[in-house]
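Quick notes on the structure that follows.
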Amino acid sequence: MCQEYDGYARRTVELARDEALGLLASVPFGRIVFTSNALPAIRPVNHLVDSEGFVVVRTRLLSGLAALMRPGRSVVVAYEADEIDPVRRIGWSVVVTGLARTVTTPERVAEYGRTLQPWVEPRTAAVITIEPTIVSGLRLVA
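Numbering (my numbering), first residue to last: 533 to 674.
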């Protein structure tokens with residue numbers, strides 16, 4: 533049974549990098565933030581965190597982000613995921629900021645293709661890795 537909100541204000545606790553990446557790895561989707569036509573754009577995507585700590589997403593080739601990506605070129609993005617209980621008002625949020633690059637190595641594309649199923653037609657999906665240069669996270673606690 534879920535404990536309801538007790539009426540007291542919550543406090544935030546900053547997460548260490550490893551804990552933040554671990555929480556990010558524990559959920560299947562988040563939001564990628566990038567610039568499109570000089571304006572911020574946000575798209576929900578599924579992801580995984582690989583053994584090197586990189587965030588890996590698959591997205592449509594014609595989506596705003598994939599259209600910016602060229603082999604050998606990187607783009608600064610942010611990636612956010614969270615798990616918030618709206619009844620108890622507790623949970624966490626993690627933001628990773630770093631360079632996004634298109635994965636072009638056939639072996640890595642195939643590997644991620646087996647472990648990360650896109651939400652769109654797989655034949656139209658590009659694999660993108662995000663290097664976690666800045667990792668921040670907060671936990672809402674009672």
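Where a beta carbon is used, it is the ideal one built from N, C-alpha and C, also for glycine.
Cβ-based burial, residue i [other Cβ within 10 Å; buried from 16]
i, result
"residue 674", "exposed"
"residue 605", "exposed"
"residue 545", "exposed"
"residue 658", "buried"
"residue 664", "buried"
"residue 660", "buried"
"residue 577", "buried"
"residue 642", "exposed"
"residue 590", "buried"
Nearest-angstrom Cα separation, counted from residue j out to residue i
i, j, result
"residue 583", "residue 645", "16 Å"
"residue 628", "residue 588", "12 Å"
"residue 630", "residue 620", "32 Å"
"residue 616", "residue 560", "14 Å"
"residue 550", "residue 662", "16 Å"
Contact check, residue i vs residue j, beta carbons under 8 Å
i, j, result
"residue 670", "residue 625", "yes"
"residue 571", "residue 667", "no"
"residue 556", "residue 613", "yes"
Chain D contact for residue i (CB, 8 Å cutoff)
i, result
"residue 623", "Note that chain D does not occur in the displayed structure, where there is just one protein chain."
Identified DSSP bridge partners for residue i
i, result
"residue 617", "622"
"residue 606", "633"
Whole runs of the beta strand (DSSP E) within the segment 563–591, excluding any shorter than 3 residues: 571–581
4 or more residues per run - each alpha helix (DSSP H) lying fully within the segment 622–674: The segment 622–674 contains these whole alpha helix (DSSP H) runs: 638–647.
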